[in-house]
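This report refers to the structure that appears directly beneath it.
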Ligand code: AOF
Ligand code: ZN
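Numbering (this note's numbering), first residue to last: 1 to 351.
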């Protein structure tokens, strides 16, 4: 029915209100309708808090709910997590019809929520605006489908494909790129840099969106060189968590505190990705430098390359961006001009 699309669009608008606050949970929106009238709306407001369905249902009386239709952007859950199962609440509320956009890719839920509703005699319709709902929770969906985080490499290069001048901090891109990168970081759950970048650039890796869950700053420091640099912003600025992956955790005993966490690794990127997967990190923004990019590239796990290019030639004193061994084809290419710089985004063809 046409109105199903209309009400689902509203549910998607509701879901978006939770952006930057649902963290490892999906953004979900709900709309309850009876006789073509909207009775209540709701959304998942914060990680750990009420689900969208409960948020909407709790605003209505039993009488209002009875025989109503619930529009929800994600399949209602059927398991006990931080919240009780929404499917049970929907059944208890005597909602007659449930329209769902996306089937939950989370293996604890997939299909089970829908089945529970059907078993209780509720009419269930799925797939209404499924693509839009999936796009809303792109990284969440990828994580549960592929059992690892989505990985974007980000690099800022000159026209001669160099990242900067050797051993000194070099800003080659303009202020619009600076703003865009700060905004873009907010979409990811972790930002990754290598120890060289940490020491040379001393970055704070801030993101521009206000959130209770700013991206975690992950530093790959196999040899444990950073223990001698407690002055780095990553250690002194408590705005975001810093996680160090090293083969020498013992060196960091003094730096370990409530926002700095030390992880032991075997030194491979695969191990870092595995450990991040285990703690539920769904998306990585790998900022470099070139060695880290190269190491990620070699795993074959990179899903997207984001390149910012500035109109400058760094010449022979510049150091090279990473270079793949073979020809690489991109899909879904996006090109955007930011004043006199370019942003080029390409997904790898395996995605
Ligand atoms: C949400 N918000 O509106 C819906 C979700 O730990 P819990 O209880 O919050 O459960 C999280 C899971 O519940 C989540 O991964 C997803 O599978 C399902 N549905 N989650 O956070 C919602 N409807
Ligand atoms: Zn739920």
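Just so it is clear, CB atoms sit at the ideal spot from N, CA and C, and this is done for glycine as well.
Between which two residues does the alpha helix (DSSP H) holding residue i run?
i, result
"residue 143", "138 to 146"
"residue 183", "175 to 185"
"residue 10", "2 to 16"
Can you grab the Cα-Cα spacing for the pair residue i / residue j, in whole Å?
i, j, result
"residue 64", "residue 351", "45 Å"
"residue 167", "residue 282", "32 Å"
"residue 200", "residue 25", "35 Å"
"residue 84", "residue 13", "24 Å"
"residue 258", "residue 326", "43 Å"
"residue 46", "residue 21", "5 Å"
"residue 226", "residue 334", "37 Å"
"residue 53", "residue 324", "47 Å"
"residue 129", "residue 6", "10 Å"
"residue 287", "residue 212", "22 Å"
"residue 338", "residue 176", "6 Å"
"residue 111", "residue 103", "7 Å"
"residue 134", "residue 186", "19 Å"
"residue 192", "residue 144", "21 Å"
"residue 235", "residue 96", "54 Å"
"residue 311", "residue 118", "59 Å"
"residue 322", "residue 296", "10 Å"
"residue 261", "residue 249", "10 Å"
"residue 274", "residue 222", "16 Å"
"residue 138", "residue 278", "19 Å"
"residue 116", "residue 33", "21 Å"
"residue 8", "residue 256", "47 Å"
"residue 198", "residue 343", "24 Å"
"residue 156", "residue 171", "9 Å"
"residue 188", "residue 215", "6 Å"
"residue 136", "residue 290", "31 Å"
"residue 276", "residue 336", "31 Å"
"residue 50", "residue 28", "11 Å"
"residue 36", "residue 18", "25 Å"
"residue 210", "residue 190", "15 Å"
How would you write the range of the beta strand (DSSP E) that residue i sits in, first residue to last?
i, result
"residue 122", "Taken as a continuous stretch (DSSP letters only), residue 122 belongs to no beta strand (DSSP E), as it is neither H nor E."
"residue 380", "Beyond the ends of the chain as shown, which are 1 and 351, falls residue 380; an answer cannot be given."
"residue 322", "It is not in any beta strand (DSSP E) - residue 322 carries neither H nor E in the DSSP assignment."
"residue 332", "330 to 338"
"residue 82", "Premise fails: residue 82 is in no beta strand (DSSP E) and is neither H nor E."
"residue 29", "29 to 34"
"residue 162", "162 to 165"
"residue 347", "341 to 348"
"residue 155", "150 to 157"
"residue 261", "260 to 264"
Mind reading off the beta-carbon distance from residue i to residue j? Whole number of angstroms is fine, and I expect it under 8 Å.
i, j, result
"residue 374", "residue 163", "Outside the shown range of the chain (1 to 351) lies residue 374, about which nothing can therefore be said."
"residue 152", "residue 348", "The pair is not a contact, with the Cβ atoms about 10 Å apart (cut-off 8 Å)."
"residue 272", "residue 242", "Actually they do not touch by this definition, with Cβ atoms about 14 Å apart."
"residue 60", "residue 89", "With a Cβ gap of about 12 Å, residue 60 and residue 89 do not count as contacting."
"residue 232", "residue 196", "Their Cβ separation, rounded to whole angstroms, is 12 Å, which puts residue 232 and residue 196 out of contact at 8 Å."
"residue 72", "residue 30", "5 Å"
"residue 239", "residue 206", "7 Å"
"residue 269", "residue 299", "5 Å"
"residue 76", "residue 113", "4 Å"
"residue 146", "residue 108", "Not a contact, Cβ separation roughly 16 Å."
"residue 305", "residue 346", "5 Å"
"residue 48", "residue 92", "Residue 48 to residue 92, Cβ: 22 Å. No contact."
With the ligand ZN as the reference, list in chain order each residue whose Cβ lies under 5 Å from any of its heavy atoms.
Spelled out in chain order, the answer is 51, 77, 86.
Please go through the stretch 269 to 309 and give each complete alpha helix (DSSP H) segment of 4 or more residues, from N-terminal end onward.
You should have 269 to 278, 290 to 299.
Segments of 4+ residues assigned as alpha helix (DSSP H) that fall wholly inside the stretch 53 to 79:
Taken in chain order, the complete alpha helix (DSSP H) segments of 4 or more residues contained in the stretch 53 to 79 are 62 to 65.
Run through the stretch 85 to 116 for me and flag every whole beta strand (DSSP E) of 3 or more residues, listed as ranges in chain order.
DSSP runs (the beta strand (DSSP E)) wholly in the stretch 85 to 116: 97 to 102.
Secondary structure, alpha helix (DSSP H): runs of 4+ residues fully inside the stretch 187 to 244
You should have 195 to 201, 233 to 236.
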